[in-house]
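Enquirer: The structure follows.
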Amino acid sequence: MSSFTGQHILSVNQFDRDAIEQVFSIADNMRPYADREKRTQVLDGAILGNLFFEASTRTRVSFGTAFNLLGGEVRETTGMSNSALAKGESLYDTARVLSGYSDIIAMRHPHAGSVAEFAQGSRVPVINGGDGANEHPTQALLDLYTIAKERMSNGQSIDGLHIAMIGDLKFGRTVHSLAKMLTLFRNVKFTMISPIELGMPDSVCAAITDAGHELIVTDQFEGIVEADICYQTRIQEERFPSQEEANKYRGKFRLNQQIYTQHFKSQTVIMHPLPRDSRAEANELDNDLNMHPNLAIFRQTDNGVLVRMALFALTLGVADKVSDFDRPVHWYTTKSQN
Ligand code: NCD
1462 MSSFTGQHIL SVNQFDRDAI EQVFSIADNM RPYADREKRT QVLDGAILGN LFFEASTRTR
1522 VSFGTAFNLL GGEVRETTGM SNSALAKGES LYDTARVLSG YSDIIAMRHP HAGSVAEFAQ
1582 GSRVPVINGG DGANEHPTQA LLDLYTIAKE RMSNGQSIDG LHIAMIGDLK FGRTVHSLAK
1642 MLTLFRNVKF TMISPIELGM PDSVCAAITD AGHELIVTDQ FEGIVEADIC YQTRIQEERF
1702 PSQEEANKYR GKFRLNQQIY TQHFKSQTVI MHPLPRDSRA EANELDNDLN MHPNLAIFRQ
1762 TDNGVLVRMA LFALTLGVAD KVSDFDRPVH WYTTKSQN
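Position in the sequence shown (from 1) plus 1461 gives the number in the working numbering.
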């Protein structure tokens, strides 16, 4: 990807290392705005169409917040049943219509490939906020940004990373996108831990091994003590044919203080795209780790705003103009002290 301006962001396959570096360097510049040290009006007058046809809390709100922090307005629709798609309208027609009302669109939809199909009808750039079990490119970028920051604090880069991905690797789009993006780096070791039936798709495994990285596939926690990152995931129950089928896998591969101490080195950083399923029968990431300094889950969610601000600024061609439109913050805020 040589320039982001006017481009759709649909898949991690669009990114090379230079493009990732560019996003990360703009994301760094966004921190004072997210921390409310100052604000910018660079997108004053611009409209984001935020279309979420599938459940979401942080992705939807962080896209909207990111756009607001750049000075833009957000128009939102949530849920399939509230939309004309429920009346049989095609993705193409919806895209033609809504792109007439927006300068850029962020979209989530339960079917793989749907966001790319929508983008074909859109007259403005479309950012994929998750299409079924397929991809979640902005989550991969914020996860990778978080990994880079955590590693940097130990004087390390992403090259040479050992990551353990745990849980529902079959239906979890975040791990598909993150694993593919990590193949762009050097000498990454992947340990995939899941019930055999919920293993990483062959296409993702092939992308890892074809790029020359080490891949271990297992249904045991043993032998991962050296992992630098433990990336836990939720059983994606909404993608199973039935609740009974999903129930079979709930509660497998839980992570809590005791299991963490037993199986991981003391520096292992704990990540999860969230939401974690905190119901007793699932509880894949226990609250007893909440105060652990290596728990990066809320650093991930904070970083999501920075990365999405960077993507909007780049896609709308204002990345180098953000500070030209600075304004002071005049309300009481504790943000920058967090
Ligand atoms: C994830 C998703 O929707 O794919 N959530 C998110 O966007 N942070 C993961 C999940 O729902 O388990």
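Quick reminder that beta carbons are idealized off the backbone N, C-alpha and C, glycines included.
(1) I need the boundaries of the alpha helix (DSSP H) containing T1526, first residue and last residue.
(2) By DSSP's criteria, K1650 is part of a beta bridge. Which residues make up the other side?
(3) Compute the minimum distance between the beta carbon of R1760 and the heavy atoms of the ligand NCD, and state whether it is under 7 Å.
(4) Within a Cβ cutoff of 8 Å, which residues of the same chain sit near Y1721, ignoring the five residues on either side of it in sequence?
(5) Give a yes or no on whether the C-beta atoms belonging to V1497 and V1790 are separated by under 8 Å.
(6) Straight-line CA distance for D1680 to R1711?
(7) Taking 7 Å as the cut-off, does the CB of R1711 come closer than this to any heavy atom belonging to the ligand NCD?
(8) Under the rule that 16 or more other beta-carbon atoms within 10 Å means buried, what is E1687, buried or exposed?
(9) Taking the alpha carbon of R1569 as the point to measure from, which residue in H1469, H1597, G1561, E1534 has its own alpha carbon closest?
(10) Which full runs of the beta strand (DSSP E) of 3+ residues lie inside the segment 1687–1713, going along the chain?
(11) Of the choices V1783, M1613, H1724, whose alpha-carbon is the least far from that of I1487?
(12) Determine the DSSP secondary structure at V1422, reduced to helix, strand or coil.
(13) On the DSSP letters alone, give me the boundaries of the alpha helix (DSSP H) that I1487 sits inside.
(14) Can you give the Cα-Cα distance for L1772 and V1484, rounded to whole angstroms?
(15) Verify whether the separation of the beta carbon atoms of F1579 and A1556 is less than 8 Å.
(16) Counting along the chain, where does the beta strand (DSSP E) carrying I1588 start and finish?
(17) Roughly how many angstroms separate the alpha carbons of N1595 and E1742, rounded to a whole number?
(18) Please confirm whether D1629 and I1565 have their CB atoms less than 8 Å apart.
(19) Spatial neighbours of T1635 within its chain, please: C-beta separation below 6 Å, excluding the five flanking residues on both sides.
(20) Closer than 7 Å to a non-hydrogen atom of the ligand NCD - does that hold for the CB of P1662?
Expert: Quick answer:
(1) Counting along the chain, T1526 sits inside the alpha helix (DSSP H) bounded by residues 1519–1530.
(2) BP columns for K1650 point to H1623, E1675.
(3) Answer for R1760: no, Cβ out of range of the ligand NCD.
(4) Once the five neighbours on either side are set aside, the close Cβ partners of Y1721 are C1691, T1729, I1731, L1750, H1753.
(5) One point to set straight first is that residue 1497 is Arg, not Val, in the sequence displayed. Here R1497 is near V1790, since their CB atoms are less than 8 Å apart.
(6) Straight-line Cα distance between these residues: approximately 14 Å.
(7) The closest heavy atom of the ligand NCD lies 7 Å or more from the beta carbon of R1711.
(8) So E1687 ends up on the exposed side.
(9) Ranking the options by Cα distance to R1569, first place goes to H1597.
(10) Fully contained in the segment 1687–1713 are the following beta strand (DSSP E) runs of length 3 or more, in chain order: 1690–1693.
(11) The candidate whose alpha carbon is nearest that of I1487 is V1783.
(12) Outside the displayed range of the chain (1462 to 1799) lies residue 1422, so it cannot be described from this structure.
(13) For I1487, the enclosing alpha helix (DSSP H) starts and ends at 1478–1495.
(14) If you draw a straight line from the Cα of L1772 to the Cα of V1484, it comes to about 7 Å.
(15) Cβ atoms of F1579 and A1556: closer than 8 Å.
(16) First-last of the beta strand (DSSP E) with I1588: 1587–1592.
(17) Their Cα atoms are separated by approximately 26 Å.
(18) Their beta carbons are not under 8 Å apart, which means D1629 does not touch I1565 by this criterion.
(19) Closer than 6 Å at Cβ, skipping near neighbours: H1597, Q1600, P1734.
(20) No, the ligand NCD has no heavy atom inside 7 Å of this Cβ.
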